[in-house]
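Worksheet for the structure shown next.
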């Protein structure tokens, strides 16, 4: 049982963009349980910023600060500044495997009153969505979550950035046709839909709806995005690259629809609340799918999909993605945009 009187709480969460977003409902449940507490989130700065002052955390900090590595070594001499820092928290919640307990034991050595470790992945046969797994785990500590949907709230500076972006590109969302965001990339190369299929969808959407396409390119997407741009016949997308996740979230918030694959940006889109279409192949959307009030999943029901990580590494043909036709994705886009047209009348 966690002490209800904890006044300073630190939540340590690393992982990819999607992993962090999946944790947001849990962070919000902790905030609800401890409404008067000071809550800090430690993680990769560019991701943790999504939680800063947006109904989640009072402060965010970087896990990459100097000296953290000493906490992963048994019986190491811990830096005084970090010992004082970690020791100032009455409760530390660590999302980590930490199988040997070294990290958590070193955190306890700092004088922190309570350290709780939560494994970042459910057991292998567990079919719960990852968000539900995190929330259910907190239930054992009498922390109750009543909202299983991750929500990202862009701050004022992010929204100002998005307004300038739309102005600079002469876009007025909702007036001159649809603005569609598309992100063809993913941190896992075997989660990506065919580039030529994205080309066909982009050209169709631009022609059918006179839509403006925002083509999102992350650090690992340059080659794929450039190939898509080279092969487009009609569409002339606006490239979105650089900037922070908060700025990207604010841009997505102004779009009518998003199309992507199993990626962190797809989860970000769903979390800002816009209609989100996600093409899934080897991963299980029942566990890893984006959660939101308007999310559509396009996938093939095959005996081999979803598959384990080991099976995915051995897979040579990616039938689960190759067999998803352009028409199937277009149908979902059409449903979303036609609904938007009806609502705008």
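Numbering (the working numbering), first residue to last: 20 to 364.
Glycine included, C-beta positions come from ideal geometry on N, C-alpha and C.
Of the candidates 74, 80, 130 and 78, 130 places its Cα closest to the Cα of residue 99. Here residue 317 is actually not in contact with residue 295; their C-beta atoms are around 11 Å apart, not less than 8 Å. Between the alpha carbons of residue 256 and residue 115 lies a gap of roughly 40 Å.
For the pair residue 121 and residue 93, the CB atoms are nearer than the 7 Å cut-off.
Counting along the chain, no alpha helix (DSSP H) covers residue 133; the unbroken beta strand (DSSP E) around it starts and ends at 133-137. One alpha carbon belongs to residue 218, the other to residue 132, and they sit about 55 Å apart. With the rule of 3 Cβ pairs closer than 8 Å, the stretch 204-213 counts as touching the stretch 265-280.
Around the C-beta of residue 283, 16 or more other C-beta atoms lie within 10 Å, and the residue is accordingly described as buried. Taking residue 223 as reference, the option from 263, 353, 27 and 164 with the minimal CA-CA separation is 353. Assignment of beta-bridge partners to residue 295 by DSSP yields 277 and 314. Per DSSP, the beta bridge partners of residue 80 are 61. Our two residues, residue 298 and residue 340, have alpha carbons roughly 8 Å apart in a direct line.
In this structure the stretch 66-76 touches the stretch 37-44; the number of beta carbon pairs closer than 8 Å is three or more.
Cα atoms of residue 184 and residue 106: separation of roughly 43 Å, rounded to the nearest angstrom. Exclusion of the five residues before and after residue 330 leaves no residue of its chain whose Cβ lies closer than 6 Å to its Cβ.
Distance from the CA of residue 43 to the CA of residue 350, rounded to the nearest whole angstrom, comes to 31 Å. Under the 8 Å Cβ criterion, the stretch 157-166 counts as touching the stretch 47-56, having at least three qualifying pairs. DSSP lists 76 as the bridge partner or partners of residue 71. Residue 210 counts as buried, since no fewer than 16 other beta carbons sit within 10 angstroms of its beta carbon.
Around the beta carbon of residue 216, 16 or more other beta carbons lie within 10 angstroms, which makes this residue buried.
Around the beta carbon of residue 242, fewer than 16 other beta carbons sit within 10 angstroms, so the residue counts as exposed. The continuous beta strand (DSSP E) containing residue 198 extends over residues 198-202. Put simply, the backbone Cα of residue 291 is about 25 Å away from that of residue 57. With respect to the 7 Å criterion, residue 261 and residue 229 are not classified as neighbours on the basis of their beta carbons. Judged by beta-carbon spacing, residue 232 lies within the 7 Å limit of residue 254, meaning their Cβ atoms are closer than that value. Rounded to whole angstroms, the separation of the alpha carbons of residue 346 and residue 293 is 22 Å.
The stretch 198-270 contains, as complete alpha helix (DSSP H) runs of 4+ residues, the segments 214-228 and 241-250 (chain order). Just measuring C-alpha positions, the residue of 269, 305, 189 and 332 sitting nearest residue 170 is 269. By the C-beta density criterion, residue 240 is buried, having at least 16 other C-beta atoms within 10 angstroms.
DSSP, read as helix, strand or coil, puts residue 46 in helix. The beta carbons of residue 31 and residue 111 sit about 7 Å from each other, so the pair counts as a contact at 8 Å.
In this chain, the alpha helix (DSSP H) harbouring residue 306 covers 304-307. Cα atoms of residue 61 and residue 81: separation of roughly 6 Å, rounded to the nearest angstrom.
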